Amino acid sequence: MMIRHVGKLRRAGAAAVLAAALAVSVTACNSDSDAKKPAKAASESPAGNNDKGDGGKTLPDTSKVIATLKGSDAGIEMVLHSVTRDEGGFVTVSGEIKNASGKRYTTPIQWSGQEQAVAGAGRSFAAMTLVDSKEKKRYYVLRDTDDRPLTTSKYDSSLQADESLPFFAQFPAPPEGTTKVDLQFPGFPNAPIEIS
């Protein structure tokens, strides 16, 4: 009779330990997901950009133009406004895509890149790269801990006539001695640019 009671106690103890472990893991998962929420906001706009309900669009300083690239589609241009090296060890490229074609333009899905990891972010500028021919290195758009690209994302799939799409993209910074890189983006020619 005593052995039967010991077996019941063991099962009850094991169930209590299992329930406690489950409660701790659920609590840990919930607090972990809350900690990751601010990272999403950081990936949708550059540092210092105040989001005023404009759908995550960035607002580059359009007073300076460092390059204008004609796209392979007639009337589509990429205007680069700045390429700056930040103290945090990254380079931020900002500019805008302009639709001067006189008709609606559907943005190519190739702009989002071919990586499976960033596919969940929706439309983005993840296919943009910087090439340092001096060091023989290619720099890809940075990702956050959830594999979302640190670039303008979730924009509309088309641009109306005379509409522009402001963008930014953040990259790891090349070595301090590197001041010139080539910007590559699908549908546009390579652009030699200077990092300021």
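Positions -28 to -1, 1 to 168 (mature numbering (1 follows the signal peptide of the UniProt record, and there is no 0)) are the ones given, in order, by the sequence shown. Positions of the beta carbon are idealized from the N, C-alpha and C atoms, including for glycine. A quick note: this is a predicted structure, and the numbers were derived from the prediction, not measured.
| query | result |
| --- | --- |
| Taking its Cβ as the centre, do 16 or more other Cβ atoms sit within 10 Å of residue 165, making it buried, or is it exposed? | buried |
| Contact check, residue 123 vs residue 97 under 8 Å by CB: the rounded distance? | 4 Å |
| Taking Cβ positions, are residue 64 and residue 157 nearer each other than 8 Å? | no |
| Mark residue 81 as exposed unless 16 or more other C-beta atoms lie within 10 angstroms of its C-beta, in which case mark it buried. | exposed |
| Residue 133 by DSSP, collapsed to three states: which one? | coil |
| Would DSSP call residue 81 helix, strand or coil? | helix |
| Can you tell me the Cα-Cα spacing of residue 130 and residue 102, whole angstroms? | 25 Å |
| Taking 6 Å as the limit between beta carbons, can you name the residues of its chain near residue 43, skipping five residues before and five after? | 159 and 160 |
| Determine whether the beta carbon atoms of residue 49 and residue 137 lie at a separation below 8 Å. | no |
| Using the three-state DSSP reduction, which class does residue 88 fall into: helix, strand or coil? | helix |
| Leaving out the 5 sequence neighbours to the left and right, which residues in its chain are closer than 8 Å to residue 36 when beta-carbon positions are compared? | 53 and 54 |
| How big is the Cα-Cα spacing for residue 15 and residue 115? | The predicted model places residue 15 with a pLDDT of 42, which falls under 50 and marks its position as unreliable, so this point remains unresolved. |
| Which residue or residues does DSSP assign as beta-bridge partners of residue 139? | 67 |
| Should residue 162 go down as buried or exposed, given a rule of 16 or more other Cβ atoms within 10 Å for buried? | exposed |
| Could you pull out every residue in the same chain whose Cβ sits closer than 7 Å to the Cβ of residue 105, ignoring the five residues on either side in sequence? | 154 |
| Among 61, 79 and 144, whose alpha-carbon lies nearest the alpha-carbon of residue 46? | 79 |
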